[in-house]
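Participant:
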Amino acid sequence: MNTGGVAGKEALLSNIDAAISLAEQIKSTYGPNGRDKLICSKDGNITITNDGATLLKLLEPKHPISQLLVKLSRTQDDEIGDGTTGVVLLAAALLKEARDLINLGYHVQTIIQGYKKALNLAIKHLDEIKQPLPDDENLRNHILNKIIQVPLNSKLLSHDREFFTKIIVQAVNKLKHSDQDCIQILPIQGGSFSDSYLIDGIVFKRTFSYAGFEQQQKRIKNAKILLLNHEIELKHQKEFAHLNISGPSQYKSFVDAEWNLVTRKLDQIYATNCDLVLNVQPIGDLATQHFVQNNITNLSRIPLQLMTTIKQTVGGTIYSTLEHLNEKKCHLGFCSLFQNVTIGDDRYCILSGCDDSSKMTLILRGPSEELLSEAHRSVHDAICIMSTVMSNPFYIIGGGATEMSVNSRINHYVNNQDVTSERSHSVHSCMKAFGRALQHIVITLCENAGMNIAEVFGELESIHQDHNQNWFYGVDVLNGCAGDLKQNSVYEPVNVKKNALMCACEAACLILSIDYVVKMPQEETEKEKGARVAKQYQEQKIAQNKWKREVMSQRKELA
Numbered sequence: 001m002n003t004g005g006v007a008g009k010e011a012l013l014s015n016i017d018a019a020i021s022l023a024e025q026i027k028s029t030y031g032p033n034g035r036d037k038l039i040c041s042k043d044g045n046i047t048i049t050n051d052g053a054t055l056l057k058l059l060e061p062k063h064p065i066s067q068l069l070v071k072l073s074r075t076q077d078d079e080i081g082d083g084t085t086g087v088v089l090l091a092a093a094l095l096k097e098a099r100d101l102i103n104l105g106y107h108v109q110t111i112i113q114g115y116k117k118a119l120n121l122a123i124k125h126l127d128e129i130k131q132p133l134p135d136d137e138n139l140r141n142h143i144l145n146k147i148i149q150v151p152l153n154s155k156l157l158s159h160d161r162e163f164f165t166k167i168i169v170q171a172v173n174k175l176k177h178s179d180q181d182c183i184q185i186l187p188i189q190g191g192s193f194s195d196s197y198l199i200d201g202i203v204f205k206r207t208f209s210y211a212g213f214e215q216q217q218k219r220i221k222n223a224k225i226l227l228l229n230h231e232i233e234l235k236h237q238k239e240f241a242h243l244n245i246s247g248p249s250q251y252k253s254f255v256d257a258e259w260n261l262v263t264r265k266l267d268q269i270y271a272t273n274c275d276l277v278l279n280v281q282p283i284g285d286l287a288t289q290h291f292v293q294n295n296i297t298n299l300s301r302i303p304l305q306l307m308t309t310i311k312q313t314v315g316g317t318i319y320s321t322l323e324h325l326n327e328k329k330c331h332l333g334f335c336s337l338f339q340n341v342t343i344g345d346d347r348y349c350i351l352s353g354c355d356d357s358s359k360m361t362l363i364l365r366g367p368s369e370e371l372l373s374e375a376h377r378s379v380h381d382a383i384c385i386m387s388t389v390m391s392n393p394f395y396i397i398g399g400g401a402t403e404m405s406v407n408s409r410i411n412h413y414v415n416n417q418d419v420t421s422e423r424s425h426s427v428h429s430c431m432k433a434f435g436r437a438l439q440h441i442v443i444t445l446c447e448n449a450g451m452n453i454a455e456v457f458g459e460l461e462s463i464h465q466d467h468n469q470n471w472f473y474g475v476d477v478l479n480g481c482a483g484d485l486k487q488n489s490v491y492e493p494v495n496v497k498k499n500a501l502m503c504a505c506e507a508a509c510l511i512l513s514i515d516y517v518v519k520m521p522q523e524e525t526e527k528e529k530g531a532r533v534a535k536q537y538q539e540q541k542i543a544q545n546k547w548k549r550e551v552m553s554q555r556k557e558l559a
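Counting from 1, one number per residue, gives the positions in the sequence shown under our numbering.
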């Protein structure tokens, strides 16, 4: 049965071409001199970015191999936070080299074997040249600053990189651990990027409040915080509820019971001696006004996920009932300062100076929504890089120096091996192709920086002939030449490079192992089904009218 699939070499080359085509679309965004892309979505939303993962997501490629590379980029983004463009470019370069080998008659399995052997050698070489973060605090912070500036250099915030680098290092040093989720980024439109600032605590938009909230305190020092998931307002009867009342006294007793229910809850809250009440469920206007009289501030309708984050930040327990609640038994949260402030056009609540703070918030300001979104991505990438290097405190030299050094190491290994068979010779040729693919990344850096590629690349090849010497020479984009990037402090975490090499190699080998592609027809949407039925109905109508005309014509002829 013919399924309409593509098989053999035709399928393989088609897949490789799709990967190379996708890489060409994002190639110009790579490196510190990478260009931005403007993408207008179907619904008219405009995005200006040079972030690889964002670009690939917005491009929505149709080819299945292109979609695979989009997922590859997303994996790099989720695990590391940077190198999303580089990993796709490297995978495409490996496939491009593989295409040349296939056209020369090399078997796919030989190429895969050579690539995997070269990958193992590359990872081993990275472990040999990686440098540990120094113990000296000043030198350590200097290196961390330079590492964080790598993702900021190629993005919108390049002019403010020193400012944001200082903020991010300060945040991570305060937290004393490497979980990037503990640094919240809150983008608020208005002002300039340099108006951004860091808060030791959590910030969230003020939730809906009932009448009386404006009279409550907007600033509380050493706030004792009661966390609730319990409704505090007059209970309204549900739909179709029935109440039999025989006289005014019974009605009064019913109303009094409702009020007593609320006031009893309020008395239980007062017994905790809290200053601030945060509730997942509603706090009605009656309770809000009573809180004003007792110098208690309240916020209600807080999303449960946000409440959980608040609990992790301020401590305490989220209570679902108020029974037997008092100051001795109640586990309250604490923050040294609660503020209700205006930032931009909205009101925000700030809980700062907590006992065991595990959260920091970066208030990110920016002139427009589009620029703010790109700045958010840039800062997020920088935080992820910081988290990566803190979890594995080793770094390598960036700027293409590591790629050139790995290529030199592979060539040195291959040239010093005794070739015992034709198979071994073929595998060694494929290993060299892996090294050449790494050189494509260096060439792209030169190209995007507007350098003389032949001159700079030729000089780097000459410098890296000895793989044990000068491994820190790479593309000096500031001076437009080959330079000592260790002296210029161009660093990146070793984990970023390792993950990119492994992901790109695995993706390339996976694509090379595919020899048959079948694209199943997509399921018909309701809109498409409606259009098809309408078309069939129209065609049926035309056929009926044609038949009627023919019948009428025949009758006239018979008459």
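We put the beta carbon where it would ideally sit given N, CA and C, even for glycine.
1. Taking all protein chains shown into account, decide if Y395 is buried (16 or more other Cβ within 10 angstroms of its Cβ) or exposed.
2. In or out: G8 buried (at least 16 other Cβ within 10 Å) or exposed?
3. Where DSSP assigns a beta bridge to K37, which residues make up the other side?
4. Which residues mark the beginning and the end of the alpha helix (DSSP H) in which M451 is found?
5. In the structure shown, what three-state DSSP assignment does N2 receive?
6. In this structure, does DSSP put H473 in helix, strand or coil?
7. Please report the Cβ distance between L299 and T207, rounded to the nearest whole angstrom; I am assuming they are in contact, meaning their Cβ atoms lie under 8 Å.
8. Along the chain, where does the beta strand (DSSP E) that runs through I199 open and close?
9. Does I296 come out as helix, strand or coil in the three-state DSSP assignment?
10. Report all residues from its chain with a CB closer than 8 Å to the CB of Q554; omit the five preceding and five following residues, and keep chain order.
11. Answer yes or no: do C274 and L322 have a C-beta to C-beta separation smaller than 9 Å?
12. Taking DSSP as the reference, what is the three-state secondary structure of F208?
13. Could you give the distance in angstroms between the alpha-carbon of M1 and the alpha-carbon of A375?
14. Report the rounded CA-to-CA distance for S209 versus T317, giving the unit in angstroms.
15. Would you report the Cα separation of R74 and A53, rounded to the nearest angstrom?
16. Need the endpoints of the alpha helix (DSSP H) that Y395 sits in, please.
17. Measuring CB atoms only, is the stretch 276-296 touching the stretch 260-267, in the sense that at least three cross pairs come out at less than 8 Å?
18. Comparing C-alpha positions only, which one of N141, H440, S352 and L228 sits nearest to P303?
19. Beta-carbon within less than 6 Å of Q216's beta-carbon, same chain only, minus the 5 sequence neighbours each way: which residues are those?
20. By how many angstroms is the C-alpha of G105 removed from the C-alpha of R377?
21. Given this structure, state the Cα-to-Cα distance separating I167 from S391, to the nearest angstrom.
22. Starting from V277, trace the beta strand (DSSP E) in both directions and tell me its first and last residue.
23. Considering only the beta carbon of each residue, do C349 and F204 sit closer than 9 Å?
24. With DSSP as the reference, label N244 as helix, strand or coil.
25. By the 10 Å Cβ neighbour count, where 16 or more other Cβ atoms means buried, how is P64 classified, buried or exposed?
26. Pull up the distance between the alpha-carbon of I278 and that of G190, whole angstroms please.
27. Can you tell me the Cβ-Cβ gap for S66 and L22, rounded? I've got them flagged as a contact below 8 Å.
28. Return the residue from the list G483, V518 and T444 that minimises the CA-CA distance to A92.
29. Rounded to whole angstroms, what's the CA-CA distance from L261 to H230? Just pull it up for me.
30. I need the boundaries of the alpha helix (DSSP H) containing L228, first residue and last residue.
31. Q76 bridges to which residues according to DSSP?
32. Compare the C-alpha of K486 against each of I129, L38 and T165 and name the closest.
33. Determine the direct distance from the alpha carbon of R161 to that of L186, and round the result to whole angstroms.
34. Taking DSSP's pairing of strands, which residues face E492 in a bridge?
35. With a threshold of 16 other CB atoms inside 10 Å of the CB of S513, please say whether the residue is buried or exposed.
Facilitator: So, from the listed chains and residues:
1. buried
2. exposed
3. Paired residue(s): T49.
4. It is not in any alpha helix (DSSP H) - M451 carries neither H nor E in the DSSP assignment.
5. Because N2 carries a pLDDT of 46, less than 50, the predicted location of this residue cannot be relied on, and no value is offered for it.
6. Correcting the residue type first, residue 473 is Tyr in the shown sequence and not His. Y473 falls in the strand class under three-state DSSP.
7. So it is a contact: roughly 6 Å between Cβ atoms.
8. Y197 to I199
9. In this structure, DSSP gives I296 a state outside helix and strand, which the three-state scheme calls coil.
10. none
11. no
12. coil
13. With a pLDDT of only 40 at M1, under 50, the local geometry of the prediction cannot be trusted, and the value read off the model is given with reservation. For M1 and A375, the gap between their C-alpha atoms comes out near 53 Å.
14. 23 Å
15. 6 Å
16. Per DSSP, Y395 lies in no alpha helix (DSSP H); the unbroken beta strand (DSSP E) holding it starts and ends at F394 to I397.
17. By the Cβ criterion, the stretch 276-296 is in contact with the stretch 260-267, since at least three pairs of Cβ atoms, one from each stretch, lie closer than 8 Å.
18. L228
19. V292 and T297
20. 44 Å
21. In a straight line, the C-alpha of I167 is about 19 Å away from that of S391.
22. L276 to N279
23. yes
24. coil
25. exposed
26. It should be noted that the sequence gives Leu, not Ile, for residue 278. L278 and G190: Cα-Cα distance of roughly 28 Å.
27. 5 Å
28. Closest in alpha carbon position to A92, among G483, V518 and T444, is T444.
29. 13 Å
30. From DSSP, L228 is part of no alpha helix (DSSP H) but of the beta strand (DSSP E) over R219 to L228.
31. Paired residues: none, contrary to the question.
32. I129
33. Using only the alpha carbons, I get a separation of about 18 Å.
34. I396
35. exposed
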